[in-house]
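Asks: Residue numbers (our numbering): 114 to 341. Ideal placement from N, C-alpha and C gives every residue a C-beta, glycine not left out. Following this message is one structure expressed as structure tokens.
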């Protein structure tokens, strides 16, 4: 049975989770600006609690964004350092997907509009639907003003709003049956998504681990437009 380590520092939350011998253990703290100091000690304690070592880990999953630039870079730096040393592959997971998975776990939400406050009066936005226990993206992830957020075309049924982007809730014209505007990504849910990815053979070499900054894509598109 595989042993998977998951970690996330893309938002104010810092969390780690471990699947070992079929059992999941995790640690979660909301500690803004302390991720760099806390992450490695949290991993060490998690392994100790589970009675195992880093050498037993088969792959390392991480929140690849979108989220805070510094936080995402911290996660990738730690993941690459560990993965290179262990000669293990990595599993990048969207932080918006992690939010949606947490909404499924905690609220039973089958369809989730996940939103993370992107600052600059924008939100990171993605819509997810549950399929066989996994929250899967419907449409595309984007960074945009709250007013521009919409559900995918031809959708029906109830939607749940999850994430700090819903702090702009009065500006998001999307009907929901409930909202959790303080929800942050949790490594336990990242681990759940990573297990699906691992079983599908989606692990990649550590040197291919890269952040996803949706705002970069937007900036590039504008530059391309100016050149054309």
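Whole angstroms is fine: what's the gap from residue 268's alpha carbon to residue 241's?
Replies: 11 Å
Asks: Jot down the residue ranges of each uninterrupted beta strand (DSSP E) in the segment 250-331, minimum 3 residues, whole runs only, in chain order.
Replies: 273-275 and 291-293
Asks: Starting from residue 243 and walking both ways along the alpha helix (DSSP H), at which residues does that stretch end?
Replies: Note, residue 243: premise wrong, no alpha helix (DSSP H); beta strand (DSSP E) at 236-244.
Asks: Using 7 Å as the threshold, is the C-beta distance between residue 230 and residue 176 below it?
Replies: no
Asks: Counting only the same chain and skipping the five closest in sequence on each side, list residues whose C-beta sits under 7 Å from that of residue 340.
Replies: With a pLDDT of 38 at residue 340, under the threshold of 50, the predicted position of this residue should be treated as unreliable, though the coordinate-derived value follows. Result list for residue 340: empty, nothing under 7 Å.
Asks: For residue 118, I'd like the list of residues in its chain whose CB is within less than 6 Å of its CB, leaving aside the five on either flank, ordered along the chain.
Replies: 131, 170 and 173
Asks: Would you kindly report the start and end of the unbroken alpha helix (DSSP H) that includes residue 204?
Replies: Counting along the chain, no alpha helix (DSSP H) covers residue 204; the unbroken beta strand (DSSP E) around it starts and ends at 203-206.
Asks: Is residue 147 buried or exposed, if buried means 16 or more other CB atoms sit within 10 Å of its CB?
Replies: exposed
Asks: If you follow the beta strand (DSSP E) that residue 176 is part of, which residue opens it and which one closes it?
Replies: 172-176
Asks: How big is the Cα-Cα spacing for residue 304 and residue 218?
Replies: 12 Å
Asks: Would you kindly report the start and end of the unbroken alpha helix (DSSP H) that includes residue 189?
Replies: Unbroken alpha helix (DSSP H) run through residue 189: 182-199.
Asks: Can you give me the start and stop residues for the alpha helix (DSSP H) that residue 158 sits inside?
Replies: 148-163
Asks: Decide if the segment 208-225 is in contact with the segment 240-255; the criterion is three or more beta carbon pairs, one per stretch, under 8 Å apart.
Replies: yes
Asks: Hey, would you say residue 165 sits closer than 7 Å to residue 140, going by beta carbons?
Replies: no
Asks: Just to confirm, are residue 192 and residue 203 a CB contact at a threshold of 7 Å?
Replies: yes
Asks: Report all residues from its chain with a CB closer than 8 Å to the CB of residue 257; omit the five preceding and five following residues, and keep chain order.
Replies: Sequence-distant Cβ neighbours of residue 257 in its own chain, meaning closer than 8 Å and more than five residues away, are 235, 236 and 238.
Asks: Assuming residue 274 contacts residue 322 under a Cβ cut-off of 8 Å, what Cβ separation, rounded to an integer in Å, is found between them?
Replies: That pair is no contact at about 30 Å.
Asks: Would you kindly work out how many angstroms separate the C-alpha atoms of residue 188 and residue 326, rounded to a whole number?
Replies: 14 Å
Asks: Select from 181, 167 and 209 the residue whose C-alpha is nearest the C-alpha of residue 196.
Replies: Ranking the options by Cα distance to residue 196, first place goes to 167.
Asks: With DSSP run on the structure shown, which of helix, strand or coil describes residue 227?
Replies: strand
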